[in-house]
Structures are given as structure tokens and as C-alpha cells.
Amino acid sequence: MNYYCLEEFPVLSESYIIEGLGAEYKLHNSGAHTDIRAKTSFDGSTFMALLRENLGDVTCMWAMYRPMSILDWHTDPGRKCSINIPVKAHPAAKTFYRKRFGGAMYDVEEVKYILGKPTVMDVTKPHCVFNGCNDERIVLSMSPIKASFSQTVDFLKNLRIESY
Ligand SMILES: [Fe+2]
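Oh and the sequence shown: position 28 is 953 in our numbering, straight run, nothing missing.
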């Protein structure tokens, strides 16, 4: 399993979505893993406190992907998994894992995202983001620093919350 979509979770509240859509994004240049990010008040949420109690150190940020852009194949430095909540995403914005078929040919698996709900991703495996539309993709991204993908999924898959 490469990812786990938390379909039973509630949709992120309107106030956070508005924050993400209107946030001030800045280029964060860290060599191989440059991203475009903004700070979020979600850092002080009940959900982040719950994650920290159970998974140790966790950070969070808004991440923005430009219109008609690709984030090339990579693994994430500094975290083993991510918990991503897309708040703005066109159906043409897609995240993939890949498995080599032969030579330069790969089969791809598309990551299932539900707008406003979290998906846990194993970011130790190569993945890419293809935003093939004329709109930005905006994601609230949480980063457990030490917890693995399976630890994070095991904790979250049976958790039932009514809000964040
Ligand atoms: Fe990544």
C-alpha cells in the first residue's frame, strides 16, 4: 500500500479552506525539494495536538502547486509520510506512484484524494505531482517527522473525529 485515503473523516472547516486559498505563498528553496508554501493556523488545531500526542513531532504547512506544472519523481526529505488535505484541486491535478514495467516504461498508480479530506502518503517511495490544468493546486500538508507511513495509518484509520 502506497497511500490511504481517510474517507470517513470530516471535510476541513470553511475557515481553514478560506485561509489556504488566500494565504501568502512563498518559494521555499531547499535544493532538490523546493516548494511553494505558506504558514497555517492549523498548527494550533485539536487535530495537530492529537497527532503530536500519538506520533511525536509533526509540522504542517500550506503547499501550492502552480498551474500547468510538474513536481518530478522524488522522495520527501525529512519525513517518512505526509497527511495531505487538498482544498483546491482540479480533476487534472494528479499524484502518482510508479512501478517499472521495463526499460523506461512504468505503470502508474494514481493517489486517491477527496477534496477537503486527508490522504496519508508513503513519501519514502518515489511519487510525482502532475498539475495539468490552468489552476493552482492547494494542499494542507502535515508532516510526521519520525512516524512511519504504517504507524500513521494504523493510528488514523480507526480514529473517528467530528471536526479538526
Ligand atoms: Fe513529495
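Positions of the beta carbon are idealized from the N, C-alpha and C atoms, including for glycine. Remember, it's a predicted structure, so these values are computed and weren't measured experimentally.
For residue i, the three-state DSSP class (helix, strand or coil)
i: GLY1027; result: strand
i: LEU1040; result: coil
i: ILE1096; result: Nothing about residue 1096 can be read from this structure; the chain reaches only from 926 to 1089.
i: ILE1070; result: coil
i: ALA1017; result: coil
i: SER955; result: coil
i: ARG991; result: coil
i: ALA948; result: coil
i: GLU1061; result: coil
Cβ neighbour criterion (16 or more within 10 Å) applied to residue i
i: ILE995; result: exposed
i: SER1066; result: buried
i: ILE1086; result: exposed
i: SER1068; result: buried
Integer Cβ distance of residue i from residue j, believed to fall under 8 Å
i: PRO992; j: GLU1035; result: 20 Å between Cβ atoms; not a contact.
i: GLU944; j: SER966; result: 6 Å
i: PRO1043; j: PHE934; result: 6 Å
i: PHE1055; j: PHE1021; result: 7 Å
Quiz prompt | Residues proximal to ligand 1 by C-beta, any heavy atom closer than 6 Å | solution = Having a Cβ closer than 6 Å to some heavy atom of ligand 1 are HIS999, ASP1001, VAL1048, HIS1052.
Quiz prompt | Contact between the segment 976-985 and the segment 1062-1074 (3+ Cβ pairs under 8 Å) | solution = Here the segment 976-985 lies against the segment 1062-1074, with 3 or more beta-carbon pairs under 8 Å apart.
Quiz item: Are the segment 1051-1061 and the segment 997-1011 touching, with three or more C-beta to C-beta distances below 8 Å?
Solution: Three or more beta-carbon pairs drawn from the segment 1051-1061 and the segment 997-1011 are found closer than 8 Å, and the two stretches are therefore classed as touching.
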